[in-house]
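Step one of this worksheet: look at the structure below.
There are 2 protein chains.
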Amino acid sequence: MPPRNRKNQIIHRCQQPTRCKDCEVRRRALFRGVAEEQLNWMQEYRHAQFEVPARYELFSEGEPADYVYTLHDGWAIIYKTVSNGKRQIMRFALSGDFLGFQADLSAPMGYGITTLTSCRVCAFPRARMEDMLAANARVAMRLAEMNARYMAICQTHLLCTGRKPARERLAYLFLELYHRLRQLNPAIGEEEGVEFPLAQEEIGDAIGLTNVHVSRTLQELKQDGLVRIAGKRLYILDPERLQALAEFDPSVVAENGYL
Amino acid sequence: MPPRNRKNQIIHRCQQPTRCKDCEVRRRALFRGVAEEQLNWMQEYRHAQFEVPARYELFSEGEPADYVYTLHDGWAIIYKTVSNGKRQIMRFALSGDFLGFQADLSAPMGYGITTLTSCRVCAFPRARMEDMLAANARVAMRLAEMNARYMAICQTHLLCTGRKPARERLAYLFLELYHRLRQLNPAIGEEEGVEFPLAQEEIGDAIGLTNVHVSRTLQELKQDGLVRIAGKRLYILDPERLQALAEFDPSVVAENGYL
DNA sequence: CGTTCTGTTGACCACGTTCAATCAGTGTGG
DNA sequence: CCACACTGATTGAACGTGGTCAACAGAACG
Chain A
72 MPPRNRKNQI
82 IHRCQQPTRC
92 KDCEVRRRAL
102 FRGVAEEQLN
112 WMQEYRHAQF
122 EVPARYELFS
132 EGEPADYVYT
142 LHDGWAIIYK
152 TVSNGKRQIM
162 RFALSGDFLG
172 FQADLSAPMG
182 YGITTLTSCR
192 VCAFPRARME
202 DMLAANARVA
212 MRLAEMNARY
222 MAICQTHLLC
232 TGRKPARERL
242 AYLFLELYHR
252 LRQLNPAIGE
262 EEGVEFPLAQ
272 EEIGDAIGLT
282 NVHVSRTLQE
292 LKQDGLVRIA
302 GKRLYILDPE
312 RLQALAEFDP
322 SVVAENGYL
Chain B
72 MPPRNRKNQI
82 IHRCQQPTRC
92 KDCEVRRRAL
102 FRGVAEEQLN
112 WMQEYRHAQF
122 EVPARYELFS
132 EGEPADYVYT
142 LHDGWAIIYK
152 TVSNGKRQIM
162 RFALSGDFLG
172 FQADLSAPMG
182 YGITTLTSCR
192 VCAFPRARME
202 DMLAANARVA
212 MRLAEMNARY
222 MAICQTHLLC
232 TGRKPARERL
242 AYLFLELYHR
252 LRQLNPAIGE
262 EEGVEFPLAQ
272 EEIGDAIGLT
282 NVHVSRTLQE
292 LKQDGLVRIA
302 GKRLYILDPE
312 RLQALAEFDP
322 SVVAENGYL
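Chains as they are written, first to last, in the working numbering: chain A, 72 to 330; chain B, 72 to 330.
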C-alpha cells in the first residue's frame, strides 16, 4: 500500500495572522464565549498561525507532539491504522475544530491527523495547555463541550460501522458532512451543494468499507436520485428520503453551546 | 426482539452516602485532584447517592435527563440503537466513570445508559453542572481529560469494528476490559482473573457481531489457549499472543492524568 | 421441577472483499 | 501537441467472513 500522505513538507508561517478578537472562526472554536477583554492575552497562548499544504501530516500516530491546533479552515482527517495498512478515519475535521487534545498531552499520539486540503491552523504549545485551561475556566468548559460533541460524532460513526449496511452508512456520512458544512456557511443556497474534496477511498475508510464497495453503493444512491456528486461538490437531491434511510439526527452536528 | 432492560424499577437512595473526602473511588472520578479544602463544598453539588439494581435504565436514548452521574461501582453500558432493534454498545462504564455528560445538557440524550449489575451512583443535577465547572477550573479540566480518555476508547472500538476481523475484535475487547478492571484493583493476582458479567449478546453488541458469531469465535480463542471464561470471570491465559493478535496498546486505558 | 435465559451447533445465504482489468481525467514532459 | 504516466473510478468474477434462522442443550432461577 503506498503512503497516503507526505511528511516534511514545507509549511508556511502566516506573516499576518488573524487576531482572535475579530476572527470569524472563533464562534465555533475553543475561544468561543471568552470575554472580549480577555481575548488579547488569551491569544498570547497561540504560538503561531501556519499555512499547511494538502496531505501534510499534522500528527503522526504513535509519536509525541509539540502543539495542539485550532483548524482555522480546510479539511483534515483524524485516523488510526492497523498493522496490515488498513486505515479507519475517525472524523473529518472542519473549520473551528480543535485538533490533537488527549488526556495525557505528553504521551505519544493515539491517532494521526493529516490535511486533505490546504489548511490554516493556529498552533498552541502543549506545554502551556494546562496553564491556559487553569487560567480560564470558560475555556476548559468549552474544551469539555467540544470534546463531548466530537464524542457524539464518533459514536454515530461507531453505530454506523457496527450496525448499519453500506447504503445507510454512506447516506449518514453525506448528511453529516452536508449539515456540518452548511452551518459553517449558511448563506450558500441548497441547490449549490457543498464543497466535497473526498476520494472514494477516504469515504470508505471513514465508514468501514472498501473503495470498490463505496463506488458500487454510491452509484445506487445516485441512481435512486438521492445524491449527486460532481466537480468536488456534494448535492443532496432528496433530503427526506435520505434522512429516513440514514436515520440521521441533525442535532448531533448542531453547534449550539452555551453563550 | 424483547426489551433488554427494565424501567421504573425501584431505586434506593443511600441513607449513608460516602463522603467525597474519604472516597476511594474519587482518585479516578471527576473530583480527582480537587483540593482537600474544597471537597466539602464541591460535594454539595451532589444531589444524592443511589443504589440502582441491574438492568436499570439510567438514561433513555432520545429523552432529556435531570442528572449526570458518577458511577461509584458496578457495570453499565452506554449504547445507541437503530430502528430495527439492533444495538451498538459504545463503551462499558466502570467504577469512577462519569455518565451522561453531553455538549448540550438540556438536549435529549444521544445515547442510553443501562446498568448491567447493581450499581451505586452519585447524582449531580444537570442544571448545576455549568455552575460547578465555572466554580472550579480543575474540575472542568478533569472533565475534559476524562472525556478525552473516553474518546480514545471509543476510537479504538471504531477501529476494531471498522477494520478488524472477529477474532481480533474479541481479543481487543477482552484485553481492554481486563486492563481497566485490573487497575481498579491491582491487588488481585493475575491467576484469579477479573469479574466478567457480560453475556455473549452484550459482547457482540460491543464489537459489532451477532451473539452466534461471538460464540464461535470465542471457542476458537479458548481452544487456542488464549483466554478462559468461567463463573463470570475472565482469565487471560496467554497475554503476549493475545496482545499481538489484538494489537492492543495498554496506554489507551491507563489512568494517569495530572495530579 | 418446570420455566426462562444463555450458549451451542448446523445449514444456508448475502453482503462486502479481493483481485484484476479497464476506463476516465489530469497533469507532465518531450 | 501528443505521448506517457499517474491517480481515481468503474466493472466483473470468485470468494469468504459473518449473518440469519432454527433447533437444541445446559444453566440459572423461581
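We put the beta carbon where it would ideally sit given N, CA and C, even for glycine. Since this is a predicted model, take the numbers as computed values, not measurements.
- Message: Less than 9 Å between the C-beta atoms of Met212 (chain A) and Met222 (chain B), yes or no?
- Response: By one-based count along the first sequence, residue 212 (chain A) stands at place 141. By one-based count along the second sequence, residue 222 (chain B) stands at place 151. No, these two residues do not count as a Cβ contact at 9 Å.
- Task: Output yes if chain A places a C-beta closer than 9 Å to the C-beta of Phe195 (chain B); else output no.
- Result: Reading the second sequence from its first residue, position 124 is the one you call residue 195 (chain B). With 9 Å as the cut-off, Phe195 (chain B) does not count as an interface residue toward chain A.
- Message: What are the residues in the region 158 to 179 of chain B lying within 7 Å of chain A by C-beta distance?
- Response: Gln159, Met161, Phe172, Gln173, Ala174, Asp175, Ala178
- CB contact below 9 Å: Cys85 (chain B) versus chain A: Position 14 of the second sequence holds residue 85 (chain B). Cβ-Cβ to chain A under 9 Å: no for Cys85 (chain B).
- Query: Are any of the Cβ atoms in chain B nearer than 9 Å to that of Asn282 (chain A)?
  - Reply: Numbered from its first residue, the first sequence carries residue 282 (chain A) at position 211. No, its Cβ sits nowhere closer than 9 Å to a Cβ of chain B.
- Using a Cβ-Cβ distance under 9 Å, would Ile274 (chain A) count as near chain B? Taking the first residue of the first sequence as 1, we reach residue 274 (chain A) at position 203. Chain B, which has no Cβ nearer than 9 Å to the Cβ of Ile274 (chain A), makes this no.
- Could you tell me which residues DSSP pairs with Arg253 (chain B) in its beta bridges? For the purposes of this step, residue 253 (chain B) is identified with residue 182 of the second sequence, where counting begins at 1. None, per the DSSP bridge assignment.
- What does DSSP give as the partner residues of Thr186 (chain A) in its beta bridges? Here residue 186 (chain A) refers to the residue found at position 115 when the first sequence is read from its first residue. A:Ala147, per the DSSP bridge assignment.
- Query: Checking contacts by CB at 9 Å: is Ser154 (chain A) closer than that to chain B?
  - Reply: For the purposes of this step, residue 154 (chain A) is identified with residue 83 of the first sequence, where counting begins at 1. Yes, Ser154 (chain A) lies at the interface with chain B (some Cβ there is under 9 Å from its Cβ).
- Inter-residue spacing [alpha-carbon to alpha-carbon] between Ile405 (chain B) and Glu263 (chain B): Since the first and last residues shown for chain B are 72 and 330, residue 405 (chain B) lies out of range.
- Message: Check for me: the beta strand (DSSP E) holding Leu129 (chain A) runs from which residue to which?
- Response: Counting from 1 along the first sequence, the entry for residue 129 (chain A) is found at position 58. Its beta strand (DSSP E) spans residues 128 to 130.
- Query: Since Tyr306 (chain B) sits in a beta bridge, which residues does DSSP pair it with?
  - Reply: For the purposes of this step, residue 306 (chain B) is taken as the residue at position 235 of the second sequence. B:Arg299.
- Is DSSP giving Thr232 (chain B) helix, strand or coil here? In the second sequence, counting from the first residue as 1, residue 232 (chain B) sits at position 161. Residue state, collapsed to three classes: helix.
- What residues from the region 247 to 267 of chain A come within 7 Å of chain B, judged by C-beta to C-beta, listed N to C? none
- Message: To the nearest angstrom, how far is the alpha carbon of Arg251 (chain B) from that of Arg220 (chain B)?
- Response: Walking along the second sequence from the start, residue 251 (chain B) turns up at place 180. Walking along the second sequence from the start, residue 220 (chain B) turns up at place 149. Taking the straight line from one Cα to the other gives about 12 Å.
- Message: Closest to Tyr182 (chain A) by C-alpha separation, out of A:Asn155, A:Cys190, A:Met161, would be which residue?
- Response: Walking along the first sequence from the start, residue 182 (chain A) turns up at place 111. Cα-wise, what sits closest to Tyr182 (chain A) is A:Met161.
- Report the three-state DSSP secondary structure of Cys85 (chain A) (helix, strand or coil). Here residue 85 (chain A) refers to the residue found at position 14 when the first sequence is read from its first residue. Three-state DSSP puts Cys85 (chain A) in coil, outside helix and strand.
- Message: By the DSSP assignment, the alpha helix (DSSP H) with Gln109 (chain A) in it spans what residues?
- Response: Sequence index remark: in the first sequence, residue 109 (chain A) carries index 38 (1-based). That run of the alpha helix (DSSP H) goes 107 to 113.
- Query: Leaving out five residues before and five after Ala317 (chain A) in sequence, what residues of the same chain have Cβ atoms less than 6 Å from its Cβ?
  - Reply: Numbered from 1 along the first sequence, position 246 holds the residue referred to as residue 317 (chain A). Excluding sequence neighbours, Ala317 (chain A) sits near Glu239, Ala242, Tyr243, Leu246.
- Message: Using C-beta distances below 8 Å, list every residue in its chain close to Cys85 (chain A), excluding the 5 sequence neighbours before and after it, in chain order.
- Response: The residue labelled residue 85 (chain A) in the question sits at position 14 within the first sequence. Hits under 8 Å: Ala119, Gln120, Phe121, Glu122, Arg191.
- Query: Would you call the region 122 to 142 of chain B and the region 195 to 206 of chain B in contact, with 3 or more CB pairs under 8 Å?
  - Reply: yes
- Query: What residues of chain A sit near Lys92 (chain B), judged by a beta carbon separation below 7 Å?
  - Reply: Locating residue 92 (chain B) in the second sequence gives position 21, counting from the first residue. Result: empty, since nearest Cβ-Cβ is about 23 Å, beyond 7 Å.
- Message: Considering just the uninterrupted stretch of the alpha helix (DSSP H) at Glu122 (chain A), what are its terminal residues?
- Response: Residue mapping note: residue 122 (chain A) aligns to position 51 of the first sequence, counting from 1. Counting along the chain, Glu122 (chain A) falls outside any alpha helix (DSSP H), though it belongs to the beta strand (DSSP E) covering 119 to 123.
- Rounded to the nearest angstrom, how far is the Cβ of Leu101 (chain A) from that of Phe163 (chain A), given a contact under 8 Å? Stepping through the first sequence from its first residue, residue 101 (chain A) is reached at position 30. Stepping through the first sequence from its first residue, residue 163 (chain A) is reached at position 92. Not confirmed; about 18 Å, so no contact.
- Query: Taking buried to mean at least 16 other C-beta atoms within 10 Å of its own C-beta, is Leu330 (chain A) buried or exposed?
  - Reply: As a first step, residue 330 (chain A) is located in the first sequence; it is residue number 259 there, counting from the start. The predicted position of Leu330 (chain A) is uncertain, since its pLDDT is 40 and thus under 50; a value taken from the coordinates is nonetheless stated next. Looking at its Cβ environment, which holds fewer than 16 other Cβ atoms inside 10 Å, Leu330 (chain A) is exposed.
- Item | Cβ-based neighbour list, Pro285 (chain A), same chain, cut-off 6 Å, excluding 5 preceding and 5 following | What you label residue 285 (chain A) is simply residue 214 of the first sequence in a count that begins at 1. According to the sequence shown, residue 285 (chain A) is Val rather than Pro. Cβ neighbours of Val285 (chain A) beyond the five flanking positions: Gln271, Ile274, Gly275.
- Item | Neighbourhood of Gly328 (chain B) by C-beta, 6 Å cutoff - its chain only, sequence neighbours within 5 removed | As a working mapping, residue 328 (chain B) is identified with position 257 in the second sequence. Low confidence applies here, because Gly328 (chain B) scores a pLDDT of 42, under 50, leaving its location unreliable and the question unanswered by this model.
- Message: Can you list, in chain order, the residues of its chain with a C-beta nearer than 7 Å to that of Ile278 (chain A)? Leave out the 5 residues immediately preceding and following it.
- Response: Sequence index remark: in the first sequence, residue 278 (chain A) carries index 207 (1-based). Excluding sequence neighbours, Ile278 (chain A) sits near Cys231, Thr232, Arg240, Leu241, Leu244.
- Query: Comparing alpha-carbon positions, which option in A:Glu261, A:Leu255, A:Ala237, A:Ala208 lies nearest Asp202 (chain B)?
  - Reply: On the second sequence, residue 202 (chain B) is found 131 positions in, with the first residue counted as 1. Selected option, being the one with the closest Cα: A:Ala208.
- Task: Please list the partners that Gln271 (chain B) has in chain A, where partner means a Cβ-to-Cβ separation under 8 Å.
- Result: Position 200 of the second sequence, counted from the start, is the residue given in the question as residue 271 (chain B). By Cβ distance, chain A contributes nothing, its closest Cβ being about 16 Å from Gln271 (chain B), past 8 Å.
- Item | Helix, strand or coil at Leu330 (chain B) according to DSSP, with G and I counted as helix | For the purposes of this step, residue 330 (chain B) is identified with residue 259 of the second sequence, where counting begins at 1. Its pLDDT being 43, under 50, Leu330 (chain B) is placed unreliably by the model, and nothing is read from it.
- Of the residues B:Glu134, B:Phe130, B:Gly156, B:Asn155, the one placed nearest Ile149 (chain B), counting alpha carbons only: For the purposes of this step, residue 149 (chain B) is identified with residue 78 of the second sequence, where counting begins at 1. It is B:Phe130 whose Cα lies nearest to the Cα of Ile149 (chain B).
- Task: Have a look at A:Leu292, A:Ile81, A:Arg304 and flag the residue whose alpha-carbon is nearest the alpha-carbon of Ser189 (chain A).
- Result: Here the question's residue 189 (chain A) lines up with position 118 in the first sequence. Of the candidates A:Leu292, A:Ile81, A:Arg304, the one whose C-alpha sits nearest the C-alpha of Ser189 (chain A) is A:Ile81.
- Task: Can you tell me which of A:Met180, A:Val265, A:Pro88 puts its alpha carbon nearest to the alpha carbon of His143 (chain A)?
- Result: Locating residue 143 (chain A) in the first sequence gives position 72, where the first residue counts as 1. Looking at the Cα atoms, A:Pro88 is the closest of the given residues.
- Task: Go to Met161 (chain A), then tell me how far its beta strand (DSSP E) extends in each direction, as first and last residue.
- Result: Your numbering for residue 161 (chain A) matches position 90 in the first sequence. Start and end: 158 to 164.
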